[in-house]
Structures are given as structure tokens and as C-alpha cells.
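Residue numbers (the numbering used here), protein chains in the order written: chain A, 1 to 899; chain B, 1001 to 1899. What follows is one structure encoded as C-alpha cells, with my remarks underneath.
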């Protein structure tokens, strides 16, 4: 821990700077940075994240020098602001704000107007000449402090906030409707009653000493790092709990001092579409929290030009300075106090996938950033590309749909689903049905995070493009429409009424995040623009700006990445899709999918009681397999095609219910008992660890021989027709070298026979899946036979962790929520464990064959962090599902750039 | 490959010696050695095992210098024997015998009397003056050569041997019953007909050229290395196929030259009981094969003293020379030709476990060998100790049993089971029922190997203590009675009749391998002498010689071994047994076995719907667990007791059938539907990889807390009563450090609470099972929390190989029979794979804590080869079931001695 705990900023100087996010948090670092580049920032100081961690680890004690450092920084602040903290004449008020290394919107606490008491209140009245403003500020301060620091919160979901209750009572007594209708006297009465409530509920007086107030706020901010929603949020995004938050003490400036004052938030460009327009909103005569909370719907930023031309022009200049300085789109908060602009915050703006791509490509073209910078994960998290590939509403269907209302398009995309009004209902529905919910709320708050995560889309009645709902949805890549004021939501009856139409919980609704439209029922979707250009060819490249920018980005990514990207596909159409998305081969063709298409013959093969009968059934399957491979090879135009021989346990092909068994029995002309008996005899206690993979081919070599024949007959035919074919035959579930040797021998023998028959030769490889821990440990032996390795990380994760993907649901959520595992190991490779096995496999394999080609074909091949890991351990390629191919290409580029 | 391919021996010189078994095979090396120490050996030469391997690898070609070397060696042989190979006057005849590095009795081929043809036959008649002997030898030669080299064998099991058929036909024509009744003319006719059969079936003449005959025999011997039964045999004993066999060309000497000739086999001590008496049998006027084949029952060796006092005295002197020279019990073959003794073979004698222990202890006491030598695995394979621990017949029950007959006690022990007459029936029965067969045969042959392996005991009507049945049974440690001549076995009716009693296939029979008694029905057993002394205390140490020798050997083993030996036990009586067998602690107490004893409360806990209800049910289980631990700790007298917290999936405690569910529902006062639903919800696709192990305790910490409380309450109580207690708490199925941390925290908290309540502290350790591949890979992390590791090699093998112990039966036999795996990985650790993971675990664990205590508690802990592996990788202890403890102690000693 360093000696310096407090960093001053203000005027045009600062102790810290924008690079010091780890120590000062994002907010603190950027406040310092803005001071250094001459922007108007209310002076203040940052107490470091290290102090937060010290405070947590040392039973809520502070480092001993802290108090002196804080007092010194407060003196500097007073000097710059020309006011004095706690002074009865010209009092300085401050806010205390949390600020972690990354933005965690709304997750932690803030206290405003610290320093107000009976004595400074008078000074505030004197210095502002506005008694009502002063009393209203005091009233707000006592309420907020009581809530955040003194913890006077509702104790249950149904209970009303105790301060709101007092407020409502007083309004009722005075017979007024709006807060603003309350007189100064009323506000004084309110403060009295608030303080009384504190006394009664907490058994102590509301603190009058400004320094005591400040320290209370600092403690509350530090404690809020470990509140439940912050923990859940960090877990969701994989941020370590060890980071801690800084506490920022900032001089207060007031947007609520009258109609020459205001407050707002803005993005330097449109964070939803990426368009290069100033994008934001503001409220006149309001405090900052009012805009974000989404309770009052603010005005669009463009209107500020008319209302306060001078302030607007200052803001436009700030916009330019910031983008040029930070070389990225900024998300800013500002306050105008009596015509003067103050900057309260800047940070890189969260953005949709659409915006991320457009920002990056535009900024390269504007000369602001390089191509390598454009590709960085900070600018474009690879998963966000997914948004460009997701379906959009079919215009035809939309035309016929009943558009109920239009809100603000805050998160692009098309989403349909059942209306749910409460986050926990949304979560429960999705846990049960997998997907299909639109969360409909007046506004959202941090408590709703998990429900938002579960929902396909979010629709709110209030709030603007910078509201909580909008910010969080964009970050999560959810379809989102906010501020749809025509919605009348009744939480009690669980209904929403729009222009006379009333929808209940569970009714279908559709929202268009591109246009803000809200439609009744489920509206049909169609492919995204990118998919229309690449796959369905219903759009020409020049008709789609989104496609063009996407294509440019992909081209840049391809020029730097070292990992090849293949796809997992077993149908010609899938293969073609993947090629369109940039796949450079098939990394995994699961032949069992083909067998399911010829289930009758497959069952005959399984039920065969002699090897002769098995051969006859296999002979029937041969032409189907040959045809399948022919189509696939042809579609892949000479790119390598990795074909995995039969893998799943045989009982997967047989029916397990009496009815199904009766059908099969009839179909095959054998007794039901025989089918039932065979199914029973194939039953396994742990099929994942049973008679499957190469074990099938080792015990029944005729199956492997048939598959090999189908592959080589198809390949030879194509070669004779003038095509190039590159088959790579992959033997699954190998643990022991002799398994691979036995299977390879069969494949080679069949190959030679077919080459002789067809009078043509085809180059091919024989390799193996590395999907068992033993295969990693014995990779040096296995590499003696294998011409390539492909990590099957699904099974490697299952066996390496002893964790079945079908069964781990009963404990994995407990595990992730209690930090037993850093994240779901089936989504991102468990680097320390499974990754360790992979490293051993790579090292040992290449020890035997130094240029051994190694890839990955588990689901992890499309997960960006896993792709980067694969790059780091020296794999040659990743393979993933067709729609993940662009994501893997970008992730591979980021890995190569070390970003 | 070396340049020298042929090693001469004869007179008192030899090119090779007894140490050259790898190159010359056991037989060849020992023939050379016997020459060197001056024993009478018929001269000859050995063609090396390298030539066999060359021949196999090079498409049946020999190294180019071989022919010249063989011819030179033949000249030397002729010189020593004073006769000439192929000579018409004084012909030398030779045998060609296989001989691998280890003895593989009856598995490979032999040809006798090579060199006989129409011309040399005359010389033989002249030189021996015995026309009938010469013609009988020729008849035998043609028959044997036709069978072995020319491959004129029956083509199906029902077909009669073609030569035997001709012989029977001729005897029928001549109206005689015995071979010996045939005249010289008849024998001449027989040879004619044999040669005609060869011509007809093989399309070529029987070879007349002696050298051609010899090369044919050599090729047949080399080829027999790869016949099916030899392969099966090697696989069973784990001998590599790469060894190859040598071919030994030895001058023929004849035991069938009249009543002054004979042949026999003997052991220098009794190989069944170990007693120091000369033990063997012989036949007058016979060739060696007649003794081993078990068709004529030979005389006991003691009778030779009366029949041929001079030859017997020579033999007794050879016995002493050999034991002194080889320092181990020898198994010899000899022939007496016209009164002169010739030694045909010597090798270390195969022995029962009883004999092995007695030989070793006696020889140390005789000053012949050292204690370290006595302990070597070559003398006492640890598994053989098992025989000393197996039950014997209860004398009380035996007295009442009907003793049908008495044979020769060839393999000690007590065995009861169903009568089976055919090896494949025995195998099939055991595959289905697990055990319980007595194989009853006239005699056994190498084809019966698998049936013998499957059977609990072997009973034959013919053959002596050196017959195939006796030799193989002793090697396998099977109970065996041979030469029980009162048995009349009818293979057709599948019955055996003994003194008027007829038993059918499937009837129960009992055989006593100590006494040779055969009894009807199943006779009750009682513990072995060793067990009677140690466990049931019904015998005093001084009453049992077997026990005393066993104890002495164990004491020697303990004085050299470095590995500690613990036991797997969860009941006080098991623990006491294991202590008596020398266990130094409990390495695995499975607490779930205790839960099965209180299944009602366990089910209540599982079916609990709230944590309150679960706590109530756990509180009911607490006193039971405490009592169980109290008993176990007390029994272990201060030795460490490793207690594994709850491990199996919860559904194992619930009934899966409707009837059982109805009972539970009634019992617990809940609806059947609820029980059924809960059972269903706990169902898992791969329970081995599911919600079990520490995952239960992590999600339901109250279970771990209850178990910890039971442990510490019991431990504290015992300590207060003045006992020493050393609990080691072991958390199962840990993959991630935080799992162990979470469980350890609970255990420590409970411990502190109990210590405060009881006002006493108990030292304890917290460690973990290492039974998942990830635990090995992340052992450095896990060791930060773990105070000890214990490898759970059952689960580590299941996950590391992706092979379920419950399901691998469908392919493992194919795997072992086709050399895909060297042996069953659940019996002996898969050194390259699972062993590799263990090594990583040890290295990483000790990297974090250099003195980390590491053990093993999987079934492998009682497997001698696995114990040696554990020693090699530096484990501190092994843990196994009580009856395996002595075996593990001996194996640990052998590991420490590097033997």
C-alpha cells in the first residue's frame, strides 16, 4: 500500500491523472484528467481504492495518516472554490461519490450536499439569496443521508420508504400535490420530522458536524462496494472483488438554482446506432440524479442550443476536446449553475455492438485511431458482434402488426416475448422455459439486474436514452425501448394499458430496438442486414452500411490474427453459412447427426446380433453417408473438413419409451421384448463415461470401416469431377495410443482399397480429439500416430472437473454466486484446470511432433476469452458454430494484438 | 541384435550361462548353467530369442549367418555325444524345445526324436539293439511332427486327432487294446499309414532329411510363441509379447529304453506346503511328456530309491547341488537312460503362497539366503499371501460332510462350488454369477486356462503333483486336487460318479486342497490359521507354524518398508481386524455407510424442503454419527483416522421403485407423489459427475457442520476419558481451492465451538481427496489449504480415462484381449496416464508444502504393483481393505528393496 491516500484535483491541476484508474477509480482519474486538460471541474479529492480495501480488511479502520491528508485536501479545495466547508457565511458543500476501476452504474452509493446543517444552511441562503433552494437542498440531504448512511430504508418490499411516507403525509396535511408546492415553512417542518424519525429509529441525533457527515458518507461508499447487487454485478462481468472503490469528495455545484441552471448527461456520439451526432438529454432546474433515475423524462440535448445557447456552445467544444483527447466516445455528466458549465464526469461510453463497430470504423476513417486500436477488446467486445447477426423484424410482418406505441430506441434488435412486470418473475420464467420474456417496467433500478439479464428485451414507460434501463441494456446487448410514455403500467393488476388496449402479464409483445416501436403479439423476424447480405443474399453489400462496416472490421481482423477459424457443421447449408461468415474449414463434422437422418438403418445396425447382420445394415447406411460427405466436401470447396467418426453411445439411437419401442419393433419385424431388452442391455449408469467414442469403433471395426469408405468414396468421386477435397479424419475419445492405432489402421486400409477401386488418390490426415485428461497426459504417445489434435473441451471439462453438463445445474449457480468458481467452466475454459491440461497436451504433443497441427472444437471455440487462451497456448485453429465465426475472428485478432 | 545367434552347451562347458535368460530363455540358460556346474546334461545348443523376433518381424526369414552357426553347433554336439546327426550307423537324435524368459507351461510346442528316417532308423536299431523301441520312437516322431510342424490337427472340437484315428483303426484291425501290444510289424504299418495321411492331407511327402526336419521344428517353435493360448497366457500375467522364445536343440536321451530307464519331474522341496522334502514323481520306461500330460499316474519319487538306488542317490546329490547353487527351490526334469541320470531342465519352482512363505523363512534360517532376498517379489508375489488369509474348511462341518474320495493335494485352500466339466461353461457361469465353480476334469490342458482362471477350485481324476492342473493351479493360487482316481467322469452325460454316488453338472462339491479330500455339497468354512491367531484368537501363535512364519516375514517387511500402510474401514470390528493385520491407521472411513444404518433420518434430511427442516433431521443423525466415530476412534487406539465427509449423490439413499417409495411415504407421513417427485428431481444422467462429494457440503453446509460436530464431540469425549485421538477430516471430490476453503472453514468453526463447550482441545488435520484430474493440475493451489492429500484413484481413473467402472464391462475385455490397454486400469494403476496425473499432483502439492503428507485410498492401495508405484512417486502411505494390509506391507517392503 502506498503512502499517499488522497489525490486532490481542481483548477487546472491535479495530483492524479487519467491513467490512474486502478488507484483512483474511473471517475476520480478522469476528474483529475479533465482538470489537467483545462476543463471546468468542481474541485475536490479522491480517497484511493487502497483505502477501501484497507478499510474492509481492517475491521472498518482507516490508515492512520488519512485524516490529516483529507483535511489538507479539503483546505486546497476550499481555496480553489472560494468557499469553506462548514463555514456559517460562505459554506462549501460537497458530494461523496463511489468510483471503481470500471463503471458499475447505480450499483454503489452517493451522498450529495454534505456539509449542510442549521448553521451552514444560513450561509447558503445568504450566498445564494434563495431560501427555498437552500431548504430544499437541506431536505434532500437529510433524506439521502438518512437513507444511505444511517440506513433508514424500508425493511420489506411492500413497506414505503420512511422519508417518502413523511413527505406524503405532509403533502396530505397541506393539501398539495407536488413537492414544489411545498412552502419554505413546509420544508422546515419536513426536516424537523425527518430528523425526528432518525432519532426515533436510530436512537441518535442526525449529525450536525460537517466532517462527521463526510466521514459517514465515505464509510457508506466503501461499504457499498460489498452490497449484494454490486457483488452480483461484478460476478456477472467477471470483475474481481479485490479491486475496491475509491471515494470522491467533490465540491457541489447546483443545477437546481433556477431556470438558468440545469443538469444533463450526454454521449459524444449515438451509443445505440453509432452515428456521429451529439446525443444526450438534460433537465432544467434539476439535480443530476433526476436524469439518470428516469422519473422525469428529460429533453433532448439539441434543445439546449435554443434554451441556453452559450452553455450549449461550451458543451460542444468540450465534446470535441474530450473525443480528441480520449480518442474514444465519451459519456459525460455536466451541470450548469447559473449559466456556467461544470463537468462532473467523463468516461468511455458504453455502446451497442452496432455502435461499437461504427465508432471504430468511423474513427479510423477520421484518422483519430489506428486499425489496431479499432480492433481492441475495449472498443469491441467480440460477443457484441452477435448483435449484428441477430434477427430483425420482418418488415412485411411488422407492417401487418399492431403498433401500440413508440418509445426511445435504446438497444437495437428485435425481441418478442411474454410480458413480465417484475424482475424475479422474469427470472423464474426464463429459468423454467429458457427464454421468451420482455420485462416491462415504469423504470428499472439496480435491483432488477438479474431479471434484465434473463429477459430478451426491456421496455420502460419512463426515462431516456441515458436511463438505467438504457445503459444496462446496451451493456448487456439486450433489445431495449425506454421512455414509452403512452404505457400505463399497473403493478397491482399486472397489466399495461396503451391507447385503450390492455395487456396482462404473460401476453405476447414485441419491441423493435432500432425504431422504438412496441407491437402487440409475436411479430415474425427475418435475418439481420449482415446475414441478408452474406447468407440470404437478399441485400447487396452496397445497400447496407452496417454490413460494409462489419466487413471492413473483419478484413482488418483477418490481416492481424494468427489463429485460423473453422466451423462446426455437418450439413452443406451450415457449411455454406459458415464459409460466408469467414470459416476456413470444418473443425468438427459430427457424423451422428447424419445417422439420426437414417435412424431405421442405424437401429438395424445396433440391433444386429451377428457381425454378418451388422455388415448388412452398415452396407445400407453407406450410400447415405457417402452422399452426406459428398455434399459437405463440395460445399467446402477444398478447405479442410474434419470428420469425427461415430461418437455417442448407441442407446441414444434407440427409443426408450414403450410406445417408441413398439413402433421400432413393428417397423423392424422383431418382438417388442427384444427391442426392450436390447435397449436395457445398452443402458449405462454414466453414459458419458461409457461405451462410446472410439470404443465403439475399436470393438466394432466395421462401423469405422463403413464411415471411412463413405468418406473416401465421396472424396474420390469429387476429385474425379475436378474438385479439391481435404478430408481430416478425427477419432474421438482416445485415451490410449493403441485405440488410435487400431482405428487408423482400419482407415488406412479402407483408403488404399478405395483408391485402388477408384484409380485416384486423395490426400488425407488422421488425427484425434483430445478430450480426456489421459489424452493430455499421454499426448506424447498419441502424437506418434496422430497427424493432428483437436481439443474437445466440452468432454475435457466434464471429465477434468468431474462435472456433467447435464447435471451441474443443481450446484453451479451456488458455485458462481459464492465465488467457488470464477465463471461457468462450460462457457469459458477453466484456465487453471482444463487449460492446464491443454497446455500439457500441447507441450507433449509437440514434443513428439514439433509442428503438430492443434485446434479446438468444443463450444469454447466461439468464446472470446477462450479463443484468446487458445492463441496464448499456441493452437493453430479454433472451430465454432457458424454464427460465432466472426466473433472468433475478432477475438483471434485481439489475441494477436495482445488486446 | 547381436552377431551370435547360437549358444552351444554340453560336457562341462557352455557358451551361455544361467544369467542369460533374456537371450536364451529360461530353459536354455539353465541347461548351460547346469553344464557349467558339472551336472550331466545331454549336449545341444540354443537358438536365441532375438532370432525368434527377427523371424516374426521379417516374414519368416532367418538372419543370414544362422545356418552356418547351427551347423557348427551341431558338430560340437555330435562330438560330445559321440554320435552323428543323420548318420546311418550311429545316429544322433535331437529334440527341439521352446523356452521363453519365463516358464509358460504347455503353452508352446516341442518336437522329439528329430533326425529319424528310414536310414537312421536302422542305425538306431543297431546302436540300441532294440527294434521295437526304435520303431515306436519313429512312430511317435512322425505323429508328433505331423501334428506340430505339419499342422495335421483336428479341425473341430468334436473331430478326433487324425493320427489317433489311424492308431485306433489299426488296433481294431489287430484286435489289441494297448499301444504296447502292437508288434514291430504293426508299428511299421502305422508309420506307413501316418505318412500316407500326410501325403494326402498336405500334398507332400513327410520330410526325410534330418536337417529339414530340424528347421521345420525350429519354425514351429518360433511360430508357437504367437499361438492364441500363449498370447492369452502372457496377457494374463502381463508378460510383453516382445520377449520371444528361444529354440533349444537337445540331444535325445531315452527313458523308454526298458525297465532300467525312466523319466521324472521333481521339486527340491514340496511346492504346495513348502515342507523341506524331495517331492516328485517318475515313470519307468516312459518318455518325459507322459509324466506331465497327466494320462498315466506316476509313482512318488521316494519309491525310486527302492527301484533304482544308484540313480536315486545321484538325483539326491543333484538336488543339493542345485538348491545351493541357485539358492532357491528348483523344479527339475530328468531322464534315466539305461541306469544313467541325465538332467533335462531346472528352473525356480512355482509354489503356493504357503510354500513361498515357508521356503523363504526356512532358507533364511538355513543360512542359504538373506532376509532381503527372502522378501523379494520373485520369491513371494505379495498377492500370494492372500492364500494364507483365505478361509479353510471348518473341521466340525467337514466331519459331518460326506467325503467321496481323496486325491493329491496340489493347491492348498478350501473351495466349494458348482461342478462344471468344461472350461468355457465354467467361464460363462462365473461371468454371470461372479464366482462359485469347481472345474472337474479328467485332466486339464492349456486350452482350459481361462476356465481354470474363472473357477474357485480344480479337481482332476488323473495326473500327479506335477501335472498341468497342479502346476497352473499353484501359479494361480487356486485350490486344487489332482489324481483323484476314484472319479469316473463322463463328459457326454456331464456327470461324475464316485463310489456309487453320481453328481451332475451344477451340483455342489467341496475340495480341500490341504488334504486332497473331495466332499459332496457345500461344506462350511472357517478362518485360516493366520486369521484364527490374529482375529478370532481361537488359536495361539505357538500352535500355528504357518502363522509364525507369516509373522516373521511381516516383521522383516516392516523393518525395511518406507510406506505406511493404513486401512479402509468404517466399523470398529473392521478397524480391529485391520489393526491385527498391521494397519497403522485408517486411510478412508466412508461416512455414508454409517448413514445407510440410519436411513430413515437420512431420508428425512434429504426430503427436507427448508433449511430449518434439514437442521432438525441432521440433529437426529448427530448422535448416531457421534457414536459411530466414538467406536472407531477407540478401536484405533490413537492411530490416525481419516474421515471422509458425505460423498455419494443423495438419490442413492432414496428408493427408486414404487413399492419402496410407498413405504417411505407411509413411514414419513408424506405423499407418495412427493417422494417420487423428489427422487425424480434428484435423478442424474451421469451421477458420477453430478451433485456429490464436497458439492453437497458446499451447497448444504449444515451437513458438513453436523459431521464435524459428531467427529469433534466423539474425539473430545475420548480425550476426556484419557484416550488419544487423531482425526483427519477429508473433503472429497475437490476440484477448486475455494471448495476446500469453504468446507475447511465450517469444520474449523465447529471444532472451536465444540472445544469451548467440552473444555478440551484435540489436534486434527483437514485434507482432501485428490480424485479429479483438475485437483492434480491445481494441486499447488489446493495445497495452500490442505494439510494432507489422499489420492482417490477409483474416481481419478474413472474421470481421467472417461471410463465408468459400472459401464466399462462392455468393452474392457475386448480392450485387454487386443492389447489396447496393458491391464485393467481399475485393478492396477494406469501408470502412464493416471500415474502421470498423480505425479503432477505430488509435485505441485509439495511445491506449495514441501512436507505435505500424501496417501492413496482407492482400491489400488492393496494392489502390489500399484503400491510399488506409490512408493516410487514418494507417497507417505497406502490404504487398503483389512485383508489386503499384509499384502501391501510386503509390497511396500519389496518397493523399498527395489525388488
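Where is the CB? At the ideal position from N, CA and C, for every residue including glycine.
Can you give the Cα-Cα distance for residue i and residue j, rounded to whole angstroms?
{"i": "residue 1358/B", "j": "residue 1400/B", "result": "31 angstroms"}
{"i": "residue 235/A", "j": "residue 381/A", "result": "17 angstroms"}
{"i": "residue 90/A", "j": "residue 84/A", "result": "6 angstroms"}
{"i": "residue 918/A", "j": "residue 668/A", "result": "The structure shown does not extend to residue 918/A, since chain A is modelled only from 1 to 899, so the question has no answer here."}
{"i": "residue 1392/B", "j": "residue 1894/B", "result": "28 angstroms"}
{"i": "residue 28/A", "j": "residue 252/A", "result": "15 angstroms"}
{"i": "residue 1262/B", "j": "residue 1059/B", "result": "41 angstroms"}
{"i": "residue 1404/B", "j": "residue 1412/B", "result": "18 angstroms"}
{"i": "residue 337/A", "j": "residue 137/A", "result": "14 angstroms"}
{"i": "residue 1853/B", "j": "residue 1787/B", "result": "7 angstroms"}
{"i": "residue 1732/B", "j": "residue 867/A", "result": "32 angstroms"}
From the options, pick the residue whose C-alpha is nearest to that of residue i; which is it?
{"i": "residue 1414/B", "options": "1436/B, 1525/B, 1112/B, 1100/B", "result": "1525/B"}
{"i": "residue 1844/B", "options": "1873/B, 1827/B, 1867/B", "result": "1873/B"}
{"i": "residue 1450/B", "options": "1890/B, 1817/B, 1853/B", "result": "1817/B"}
{"i": "residue 38/A", "options": "112/A, 310/A, 343/A", "result": "343/A"}
{"i": "residue 661/A", "options": "652/A, 650/A, 673/A", "result": "673/A"}
{"i": "residue 225/A", "options": "153/A, 134/A, 109/A", "result": "109/A"}
{"i": "residue 900/A", "options": "114/A, 35/A, 3/A, 49/A", "result": "Outside the modelled stretch of chain A, which goes from 1 to 899, sits residue 900/A, for which no answer is possible."}
{"i": "residue 836/A", "options": "25/A, 869/A, 850/A", "result": "869/A"}
{"i": "residue 751/A", "options": "720/A, 711/A, 161/A", "result": "711/A"}
{"i": "residue 1269/B", "options": "1319/B, 1229/B, 1139/B", "result": "1319/B"}
{"i": "residue 1512/B", "options": "1494/B, 1481/B, 1497/B", "result": "1481/B"}
{"i": "residue 257/A", "options": "636/A, 283/A, 896/A", "result": "283/A"}
{"i": "residue 629/A", "options": "648/A, 609/A, 594/A, 659/A", "result": "594/A"}
Does the beta-carbon distance from residue i to residue j come in below 7 angstroms?
{"i": "residue 746/A", "j": "residue 701/A", "result": "yes"}
{"i": "residue 80/A", "j": "residue 43/A", "result": "yes"}
{"i": "residue 195/A", "j": "residue 206/A", "result": "yes"}
{"i": "residue 567/A", "j": "residue 638/A", "result": "no"}
{"i": "residue 973/B", "j": "residue 1457/B", "result": "Residue 973/B falls outside the range modelled here, since chain B spans only 1001 to 1899, and no answer is possible."}
{"i": "residue 1531/B", "j": "residue 1539/B", "result": "no"}
{"i": "residue 1642/B", "j": "residue 1730/B", "result": "yes"}
If you measure from the CB of residue i, is any heavy atom of the ligand ZN nearer than 6 angstroms?
{"i": "residue 849/A", "result": "Summarising the ligand content, the structure contains no ligands, and the ligand ZN is consequently not present."}
Near residue i, what residues of its chain come up, given a Cβ to Cβ distance below 6 angstroms and the 5 sequence neighbours on each side ignored?
{"i": "residue 260/A", "result": "338, 339"}
Exercise. Count the C-beta pairs between the segment 470-477 of chain A and the segment 417-426 of chain A that are closer than 8 angstroms, then say yes if the count reaches three, no if not.
Key: no
Quiz item: Within the chosen definition, does the segment 1063-1073 of chain B reach the segment 1025-1035 of chain B through at least 3 CB pairs nearer than 8 angstroms?
Solution: no
Quiz item: Between the segment 1116-1128 of chain B and the segment 1148-1168 of chain B, do three or more beta carbon pairs fall short of 8 angstroms?
Solution: At 8 angstroms Cβ cutoff, the stretches do not touch.
Practice problem: Mind the definition here: the segment 1877-1895 of chain B touches the segment 1564-1584 of chain B only if three or more C-beta pairs lie below 8 angstroms; say whether that holds. | Solution: yes
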